[in-house]
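Just so we're aligned, residue 1 is where the sequence shown starts under UniProt numbering, counting upward by one.
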Amino acid sequence: MKILAVGMNYVAHCQELHANENLPKEPVIFMKPDSALLKDSKPFFIPDFSRQVDYETELVVRINRLGKNIAERFAHRYYDAVTVGIDFTARDLQRRFREEGKPWELCKGFDNSAVIGDFVSVNKFKDIQNLKFHLDIDGNTVQQGNTADMLFKVDEIIAYVSRFFTLKIGDLLFTGTPVGVGPVSVGQHLQGYLEEEKLLDFYVR
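Below, the structure written as structure tokens:
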């Protein structure tokens with residue numbers, strides 16, 4: 001199982017963190033190892049190597065078929081379920097790595113940095129490109145988005161990444177975060193919602 005993720009996929013988020021950069025012309029792809037996965041409402045422990053770990057709330061898509069060089073018009077056949085996830089980012093490390101022109105897997109792919117909630121069938125929704133999702137921390141909404149605002153749609157991303165990687169059953173695709181990212185601290189209670197259904201629920205330790 002591999003975890004694929006998309007960076008800079010919402011315009012407002014690009015302006016939030018990368019205001020001096022042009023919008024991407026094609027999906028910005030990075031990966032997380034399987035050891036990054038955190039599920040079943042287990043707590044997230046802030047790592048000791050970072051002073052600022054940010055939440056990034058995202059729609060996560062689960063791959064259900066083996067595929068390579070998938071045409072965009074057929075991409076919808078290759079996933080069966082979605083959920084809300086958190087792409088945790090060691091922001092202080094990311095800033096340093098970017099300034100130094102170095103790879104930044106360490107700030108994105110560390111253990112338990114890919115949190116996922118409960119999956120629900122895509123058949124439950126009329127259009128996954130028009131889904132609202134949001135994150136609450138301690139009962140207050142801190143980030144919200146709509147998949148309609150993606151720069152690169154889910155099917156487009158799947159077609160793109162399958163040119164480079166063979167997609168396998170159980171692979172996960174984090175589809176990018178909207179504006180409103182921010183740091184977490186010990187003791188906080190995070191809850192993620194897709195439409196009005198709570199799918200993600202865990203604590204920061």
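Using N, Cα and C, we set each Cβ at its ideal position, and we do this for glycine too.
Rounded to the nearest whole angstrom, the C-alpha separation of E56 and I63 is 21 Å.
Considering only T166, Y193, F125 and V115, the residue with the shortest C-alpha distance to G139 is Y193.
Contact between the segment 32-47 and the segment 111-126 is present: three or more C-beta pairs spanning the two stretches fall below 8 Å. Non-local C-beta neighbours of V122 in its own chain, meaning closer than 7 Å and more than five positions away in sequence, comprise Y79, D80, A81, V82 and I128, ordered along the chain. When C-alpha distances from V142 are compared across P47, F133, E156 and Q15, the shortest belongs to F133. With respect to the C-alpha of I46, the residue from K153, D149, L59 and G187 having the closest C-alpha is G187.
For secondary structure counted as the beta strand (DSSP E) over 3 or more consecutive residues, the segment 158-200 holds these complete runs in sequence order: 172-174 and 189-194. Contact between the segment 169-181 and the segment 1-12 is present: 3 or more CB-CB pairs across the two stretches fall below 8 Å.
Setting aside the 5 residues that flank it on each side, F97 is surrounded in the same chain by P103, W104, L106 and C107, each with a C-beta closer than 8 Å to its C-beta; the list follows chain order. In the three-state scheme derived from DSSP, where H, G and I count as helix and E and B as strand, S35 is classed as helix.
For E58, the enclosing beta strand (DSSP E) starts and ends at T57 to I63. A residue is called buried once 16 or more other Cβ atoms fall within 10 Å of its Cβ, and P27 is buried on that count.
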